[in-house]
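Residue numbers (the working numbering), protein chains in the order written: chain A, 478 to 527; chain B, 22 to 265. Using N, Cα and C, we set each Cβ at its ideal position, and we do this for glycine too. Take a look at the structure below.
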Amino acid sequence: MTSYGALFWAYNLIWAVIAGYLLHLILRLRGVDRRLAALEREADRAQPER
Amino acid sequence: MQAYEGSRGSSRWSGPGTLILWSTTTIAIPLALYMAFLYAPDERVMGAAQRIFYFHVPAAFVTFFGAVTIFASAVAMLTTRAPRWDHWTLATTEVSWVFCTIVLLTGPIWAKAAWKGRVGDWIFDPKLATTAILWLLLTGALLVRRAAASEELGARLGAVLGILAAVDVPIVHKATVWWRGHHPVLFAPGKRDALDPRMRLAFLICTIVFFLLFGLLVALRRQLAEVEHRARAAAERASNEGRS
Numbered sequence: 478m479t480s481y482g483a484l485f486w487a488y489n490l491i492w493a494v495i496a497g498y499l500l501h502l503i504l505r506l507r508g509v510d511r512r513l514a515a516l517e518r519e520a521d522r523a524q525p526e527r
Numbered sequence: 022m023q024a025y026e027g028s029r030g031s032s033r034w035s036g037p038g039t040l041i042l043w044s045t046t047t048i049a050i051p052l053a054l055y056m057a058f059l060y061a062p063d064e065r066v067m068g069a070a071q072r073i074f075y076f077h078v079p080a081a082f083v084t085f086f087g088a089v090t091i092f093a094s095a096v097a098m099l100t101t102r103a104p105r106w107d108h109w110t111l112a113t114t115e116v117s118w119v120f121c122t123i124v125l126l127t128g129p130i131w132a133k134a135a136w137k138g139r140v141g142d143w144i145f146d147p148k149l150a151t152t153a154i155l156w157l158l159l160t161g162a163l164l165v166r167r168a169a170a171s172e173e174l175g176a177r178l179g180a181v182l183g184i185l186a187a188v189d190v191p192i193v194h195k196a197t198v199w200w201r202g203h204h205p206v207l208f209a210p211g212k213r214d215a216l217d218p219r220m221r222l223a224f225l226i227c228t229i230v231f232f233l234l235f236g237l238l239v240a241l242r243r244q245l246a247e248v249e250h251r252a253r254a255a256a257e258r259a260s261n262e263g264r265s
């Protein structure tokens, strides 16, 4: 083992993959959650008209 | 597929269970890093390179455990056709895929030090080959959902590929015993545990942290699948009402 460069990237890679995936999930969940809330509000508004 | 009977309004993705998982994992990650980098001693032959063991092996354990959960939820989904089992199957497949990717990325970097190869060299080894097959099956189980003509067909095909991935896990586990190769046999009946007690404790803590991470990610991904399902159903209802 002459260089620790590969190890440095290996350790960072693990946490970068996990953190990136976690962030991706949170952002997607927030986006879909907002879309669902908007659709349900729209449905509630449309209901009394009928 | 049956209609999903979910609660109205926003999702409960910050419910008490998820919050407990969040806080426990947030506290446990720095502890795992301390144990792996500062508490555990250097290994005699590989030195600092061996410390990737505390992340590479727990990631493999979590992938294997993930495959077992895929199997259980996929069988439940295929027999009941309930969307909630499909959400579990999708969540466990995707999170297992993430951990399997970590295993495949960190393995070559560790092998560079241990086997004196270059990063990027694919040294043929039964364990590596069967793990690559596992990764391909998990990838297929995720991609087939996007390619299928309908959501239901995609869910069924995803479940079948997920079951095949789970079947591959015992083969990955036994690959080195059956066909030999470069990869060390870590756990086998009668094999003496050569780990230093401090290394063993660090390994145990890191394994627990990876399982906590798996639980947190599966909980979030399952909730995302559930909210997406409800949003699709609501959008469909809205378009039907607009037409009538």
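I'd like to know if the segment 108-128 of chain B and the segment 76-85 of chain B are in contact, where contact means that at least 3 CB-CB pairs between them fall below 8 Å. yes
Select from B:R243, B:A95, B:A57 and B:L237 the residue whose C-alpha is nearest the C-alpha of B:V188. B:A95
In angstroms, rounded to a whole number, what distance separates the CA positions of B:A70 and B:W131? 6 Å
Between B:A255 and B:R167, what straight-line distance do the alpha-carbon atoms span, to the nearest angstrom? 20 Å
Note down the Cα distance separating B:L234 from A:L500, rounded to an integer number of angstroms. 13 Å
For B:Y55, the nearest candidate out of B:L111, B:L157, B:F224 and B:A259 (CA to CA): B:F224
Are there three or more Cβ pairs, one per stretch, closer than 8 Å when the segment 61-68 of chain B is compared with the segment 88-102 of chain B? no
Within its chain, find whatever has a CB closer than 6 Å to the CB of B:H194; leave out the 5 residues flanking it on each side and keep chain order. none
Since B:A97 is in the alpha helix (DSSP H), which residue starts that stretch and which ends it? F74 to T101
I need the straight-line Cα distance from B:A88 to B:R258, nearest angstrom please. 35 Å
Residues of the segment 81-102 of chain B with a CB closer than 8 Å to any CB of chain A: list them in chain order, please. none
For a contact meaning CB atoms closer than 8 Å, what does B:E172 contact in chain A? Near B:E172 there are no residues of chain A at all, since even the closest Cβ is about 15 Å away, more than 8 Å.
Chain E within 8 Å of A:R512, Cβ atoms only: Among the protein chains of the structure shown, namely A and B, there is no chain E.
With DSSP run on the structure shown, which of helix, strand or coil describes B:G161? helix
Any C-beta of chain B under 8 Å from that of A:M478: Legend: pLDDT at A:M478 = 44, less than 50; position of this residue unreliable, no value from coordinates given.
Please list, in chain order, all residues of the same chain as B:A180 whose beta carbon is under 7 Å from its beta carbon, the five residues on each side excluded. A95, M98, L99 and T110
Residues of the segment 147-169 of chain B with a CB closer than 8 Å to any CB of chain A: list them in chain order, please. none
If B:G236 and B:L42 are in contact, beta carbons under 8 Å, what's the gap, nearest whole angstrom? 6 Å
Would you kindly report the start and end of the unbroken alpha helix (DSSP H) that includes B:R65? No alpha helix (DSSP H) contains B:R65, which DSSP labels as neither H nor E.
For A:L506, which three-state DSSP category applies? helix
Whole-angstrom distance between A:R522 and B:P191, CA atom to CA atom: 54 Å
Between A:V509 and chain B, is the shortest Cβ-Cβ distance under 8 Å, so that the two count as touching? yes
Please list, in chain order, the chain A residues whose beta carbon lies closer than 7 Å to that of B:E64. Within 7 Å Cβ-Cβ: nothing; B:E64 doesn't reach chain A, min ~11 Å.
Contact with chain B by A:R522, beta-carbon distance below 8 Å: no
Is the Cβ of B:T39 closer than 8 Å to any Cβ of chain A? no
Starting from B:D189, trace the alpha helix (DSSP H) both ways and give me its first and last residue. E172 to W200
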